[in-house]
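Numbered by full-length UniProt numbering, the letters in the sequence shown go through residues 1 to 513 in order.
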Amino acid sequence: MLEKVDLTKSMTKEEYKAKMPLLEARLGELQRQCKTLDIPVMIVFEGFGASGKGLQIGELIQSLDPRGFKVFAIKEESEEERMHPFLWRFWTKTPEKGRIAIFDGSWYRKVLIERFDKSTKKKDIPDIYQSICSFEKQLTDDGYVMIKLLLDIDKKEQKKRFQKLRASKETAWRVSQGDLERNVKYQEYVQMMEEMLHITDTDYAPWTIIEAMDRRFATVKIYTVVIKALEEQIENVKKAKAKEKAAEAIAEMDEEGKTTAETAVPGIDQKELTESVLAKADLSLSLTKKEYKEKLKKLEKKMSLLHGELYRRRIPVVLGFEGWDAGGKGGAIKRLTAKMDPRGFVVNPTASPNDIEKAHHYLWRFWRAMPKAGHISIFDRTWYGRVMVERIEGFCTKQEWQRAYKEMNDMEKDLVDAGAIVLKFWMQIDKDEQERRFRARQENPEKQWKITDEDWRNREKWDLYEEAVNEMLIRTSTEYAPWIVVEGNDKYYARIKVLETVVKAIEKRLKED
Numbered sequence: 001m002l003e004k005v006d007l008t009k010s011m012t013k014e015e016y017k018a019k020m021p022l023l024e025a026r027l028g029e030l031q032r033q034c035k036t037l038d039i040p041v042m043i044v045f046e047g048f049g050a051s052g053k054g055l056q057i058g059e060l061i062q063s064l065d066p067r068g069f070k071v072f073a074i075k076e077e078s079e080e081e082r083m084h085p086f087l088w089r090f091w092t093k094t095p096e097k098g099r100i101a102i103f104d105g106s107w108y109r110k111v112l113i114e115r116f117d118k119s120t121k122k123k124d125i126p127d128i129y130q131s132i133c134s135f136e137k138q139l140t141d142d143g144y145v146m147i148k149l150l151l152d153i154d155k156k157e158q159k160k161r162f163q164k165l166r167a168s169k170e171t172a173w174r175v176s177q178g179d180l181e182r183n184v185k186y187q188e189y190v191q192m193m194e195e196m197l198h199i200t201d202t203d204y205a206p207w208t209i210i211e212a213m214d215r216r217f218a219t220v221k222i223y224t225v226v227i228k229a230l231e232e233q234i235e236n237v238k239k240a241k242a243k244e245k246a247a248e249a250i251a252e253m254d255e256e257g258k259t260t261a262e263t264a265v266p267g268i269d270q271k272e273l274t275e276s277v278l279a280k281a282d283l284s285l286s287l288t289k290k291e292y293k294e295k296l297k298k299l300e301k302k303m304s305l306l307h308g309e310l311y312r313r314r315i316p317v318v319l320g321f322e323g324w325d326a327g328g329k330g331g332a333i334k335r336l337t338a339k340m341d342p343r344g345f346v347v348n349p350t351a352s353p354n355d356i357e358k359a360h361h362y363l364w365r366f367w368r369a370m371p372k373a374g375h376i377s378i379f380d381r382t383w384y385g386r387v388m389v390e391r392i393e394g395f396c397t398k399q400e401w402q403r404a405y406k407e408m409n410d411m412e413k414d415l416v417d418a419g420a421i422v423l424k425f426w427m428q429i430d431k432d433e434q435e436r437r438f439r440a441r442q443e444n445p446e447k448q449w450k451i452t453d454e455d456w457r458n459r460e461k462w463d464l465y466e467e468a469v470n471e472m473l474i475r476t477s478t479e480y481a482p483w484i485v486v487e488g489n490d491k492y493y494a495r496i497k498v499l500e501t502v503v504k505a506i507e508k509r510l511k512e513d
């Protein structure tokens with residue numbers, strides 16, 4: 001791609017002055033429309049050193065309301081960032097709906113500068129590209145506009161600009177030794193860029209090469225590209241809203257006389273899914289109180305020692321707990337963490353998303369809570385709400401929950417690729433046991449806070465949730481991030497199974513390292 005770029009393109013001062021007022025006014029108007037329509041925008045500036053990324057970002061933001069955008073300068077990872085999966089620092093910077101995030105450098109640093117410097121290992125490159133493409137696909141599927149700009153200059157021009165910067169004390173600091181080395185080995189770096197463009201130039205997040213030898217030409221082209229991308233997305237959103245409104249009207253007529261079971265989860269073979277996973281759980285499994293106490297004491301001691309070893313070896317752990325209401329999640333988590341160092345773990349209770357969380361991609365709030373190396377994050381309810389409660393209650397569209405299976409698998413793969421242990425527990429009880437626990441809570445003043453009207457309403461949809469849970473377990477239990485169905489009618493048995501599973505997984509990992 002780069003070898004075909006015509007770097008002789010330029011623009012006269014007169015042409016530039018004639019074009020820019022209209023482009024600036026149009027971009028400002030489109031920013032306001034994006035805010036009104038809740039369209040999030042990400043603009044990535046990549047390219048050669050001294051190609052003018054900072055200068056062009058400065059030109060672009062002159063036409064934007066400063067309250068509606070944020071610029072991120074992406075440099076070498078901080079110590080905190082190095083202790084997380086590499087995409088963590090970018091997930092946490094994704095803008096909320098209606099806002100713009102501009103990146104001076106980006107996640108592509110991993111396959112460009114860091115690859116050139118050999119801090120990115122060659123064997124990791126394919127997985128990094130896969131993670132990047134998945135990251136961009138998840139965001140654009142959720143309505144984000146992804147604009148990727150690569151500023152191109154030739155070797156001679158780059159060297160000339162470096163010399164000019166180094167000649168002044170005020171600007172010499174902007175040229176690093178790495179910049180000079182990449183100029184010397186310019187063609188080698190070009191090959192890395194070519195590979196990047198070939199792999200990540202997608203329909204949903206295409207690259208635009210900006211001929212940056214001439215500043216005025218580059219500025220006008222950047223404005224033109226950004227404006228076109230925003231116009232297209234605004235038009236798409238308006239059409240989608242009109243189509244959605246018409247579909248809702250038709251759906252209201254079609255829904256008359258139908259039961260929830262007939263309409264909520266179409267196209268699922270309930271019998272096949274029910275028999276496949278949950279029906280196999282032997283809920284008669286139990287332990288005596290004596291057996292429980294003996295095992296618990298040994299396992300808690302082991303967990304305490306293993307927790308220290310995880311920290312020493314900088315191994316992060318992610319534990320997700322899902323299950324029926326009153327299924328025993330809280331009790332299992334309490335015993336799991338009883339002897340762990342409280343400075344090294346966090347329990348994240350997941351409630352309905354707040355307004356800020358709703359304004360981001362649904363995985364954003366979970367990425368923010370992922371552990372750094374050596375720490376443990378425990379989730380009491382997880383990202384799987386997307387394919388359970390949000391699916392059943394209609395809080396997301398069918399298309400959204402159907403694509404969520406892959407999105408969640410991809411996120412867990414990123415965590416594991418970064419060195420994490422990922423385990424997911426489904427606390428399984430039967431309907432009769434749930435009712436017994438509900439009534440016991442109602443009758444105990446100290447536990448009445450645990451039972452709500454919503455719990456009883458959810459119980460009425462047991463069969464629908466069972467369908468959804470089975471499909472979730474089938475689609476998202478992977479070798480790298482498995483689901484463990486915990487037979488939970490007996491609390492003693494359930495708590496010990498959780499502890500034994502976590503201990504076994506950590507011991508296995510420590511032997512492998």
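The beta carbon of each residue, even a glycine, is placed where N, CA and C say it ideally should be.
In the DSSP assignment, the alpha helix (DSSP H) including residue i goes from what residue to what residue?
i	result
TRP367	364–367
LEU180	177–184
PHE395	Looking at the DSSP string, PHE395 is not in any alpha helix (DSSP H), and its letter there is neither H nor E.
TYR292	289–313
LYS155	155–166
Does residue i come out as helix, strand or coil in the three-state DSSP assignment?
i	result
residue 516	Because residue 516 is not part of the residues shown, which for the chain are 1 to 513, the question remains open.
VAL277	coil
GLU412	helix
GLN428	strand
LEU499	helix
ILE421	strand
MET20	helix
GLU114	helix
GLU507	helix
GLU170	coil
LEU7	coil
LEU283	coil
TYR144	coil
LYS406	helix
LYS122	helix
THR260	Its pLDDT being 37, under 50, THR260 is placed unreliably by the model, and the measurement read from it follows with that caveat. Note: THR260 maps to helix in three-state DSSP.
Identify every residue that forms a DSSP beta bridge with residue i.
i	result
THR208	LEU149
LEU319	ILE378, LEU423
Going by DSSP, what residue range makes up the beta strand (DSSP E) through residue i?
i	result
LEU139	From DSSP, LEU139 is part of no beta strand (DSSP E) but of the alpha helix (DSSP H) over 125–141.
Contact between the region 306–313 and the region 493–511 (3+ Cβ pairs under 8 Å): yes
4-residue-minimum alpha helix (DSSP H) runs that sit fully inside the region 327–393, ordered along the chain: 329–337, 355–358, 364–367, 389–393
The region 139–151 / the region 202–218 touching (three or more Cβ pairs under 8 Å): yes
Every unbroken alpha helix (DSSP H) inside the region 443–494 [4 residues or more]: 453–459, 462–476
Touch test, the region 314–333 against the region 424–433, Cβ-Cβ under 8 Å, three pairs minimum: yes
Touch test, the region 380–391 against the region 111–130, Cβ-Cβ under 8 Å, three pairs minimum: no
Every unbroken alpha helix (DSSP H) inside the region 32–112 [4 residues or more]: 53–61, 79–82, 88–91
Complete runs of the beta strand (DSSP E) confined to the region 188–241 [at least 3 residues]: 207–211
Stretch pair the region 19–36 + the region 62–79: three plus CB contacts closer than 8 Å: yes
Contact the region 164–177 vs the region 91–104: 3+ CB pairs below 8 Å: no
Stretch-stretch touch, CB-based, cutoff 8 Å, three pairs: the region 351–366 with the region 462–478: no
Contact the region 343–352 vs the region 376–384: 3+ CB pairs below 8 Å: yes
Stretch pair the region 79–95 + the region 411–430: three plus CB contacts closer than 8 Å: yes
Sufficient close CB pairs (3 or more, under 8 Å) joining the region 22–29 to the region 167–185: no
Contact between the region 444–452 and the region 397–413 (3+ Cβ pairs under 8 Å): no
Any 3 or more C-beta pairs closer than 8 Å across the region 188–196 and the region 54–65: no
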